[in-house]
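Under numbering that gives the first Met the number 0, the final residue of the sequence shown carries the number 120; numbering is consecutive throughout.
No residue lacks a Cβ here, since even glycine has one placed at the ideal position from N, Cα and C.
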Amino acid sequence: MEFAGGREQFGQKVSSFQGIRWMLVDMATDIEAARLLTHRAARLRDAGLGRHTTESAMAKLRASDVAMRVTVDALQVDGATGYSKSEPLERYVRDAKLTQIYEGTNQIQREVLARQLLGRP
Numbered sequence: 000m001e002f003a004g005g006r007e008q009f010g011q012k013v014s015s016f017q018g019i020r021w022m023l024v025d026m027a028t029d030i031e032a033a034r035l036l037t038h039r040a041a042r043l044r045d046a047g048l049g050r051h052t053t054e055s056a057m058a059k060l061r062a063s064d065v066a067m068r069v070t071v072d073a074l075q076v077d078g079a080t081g082y083s084k085s086e087p088l089e090r091y092v093r094d095a096k097l098t099q100i101y102e103g104t105n106q107i108q109r110e111v112l113a114r115q116l117l118g119r120p
């Protein structure tokens, strides 16, 4: 957000472009939705209200997909500087990809969730 508000292209701040503003809104909305899903799974776990594996798997799946999408979109907004090893964004993209892989890939998470939702072993 800070970078988009300060970076200029074609004589205007990048954040003045509608496409960029909408991208930033989508990023913020997706992050908040993933955060809420994660908090819900944590509350269920902390309250000891039976099984919470479905909610936990959904939270992991959504949050890791959002992390990847948001960091890639941030690279788009940031431009070529985001690829530089001296910038934290380059590391965030690598870390976001890792979240889709460890503790069960997102493809496996989807399969586990499908079985749970469909009532199959």
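C-alpha gap between residue i and residue j, whole angstroms
i       : j       : result
Ala-62  : Tyr-91  : 14 Å
Ile-107 : Ser-14  : 37 Å
Lys-12  : Thr-80  : 16 Å
Glu-86  : Gly-118 : 46 Å
Ala-32  : Lys-59  : 12 Å
Arg-20  : Ala-66  : 18 Å
Classification of residue i by the beta-carbon crowding that lies within 10 angstroms, buried from 16 upward
i      : result
Asp-94 : exposed
Lys-84 : exposed
Asp-25 : exposed
Leu-97 : exposed
Close Cβ partners of residue i (< 7 Å) along its chain, the five nearest in sequence each way excluded
i      : result
His-51 : Ala-40, Leu-43, Arg-44
Secondary structure of residue i, DSSP reduced to three states
i      : result
Lys-84 : coil
Lys-11 : Lys is not the amino acid found at residue 11; the sequence shown has Gln there. Strand.
Ile-30 : helix
Leu-23 : helix
Spatial neighbours of residue i in its chain, beta-carbon cut-off 8 Å, leaving aside the 5 residues before and after
i      : result
Gly-10 : none
Assumed close pair residue i, residue j - CB separation to whole angstroms, cut-off 8 Å
i      : j      : result
Gln-99 : Asp-72 : Actually they do not touch by this definition, with Cβ atoms about 15 Å apart.
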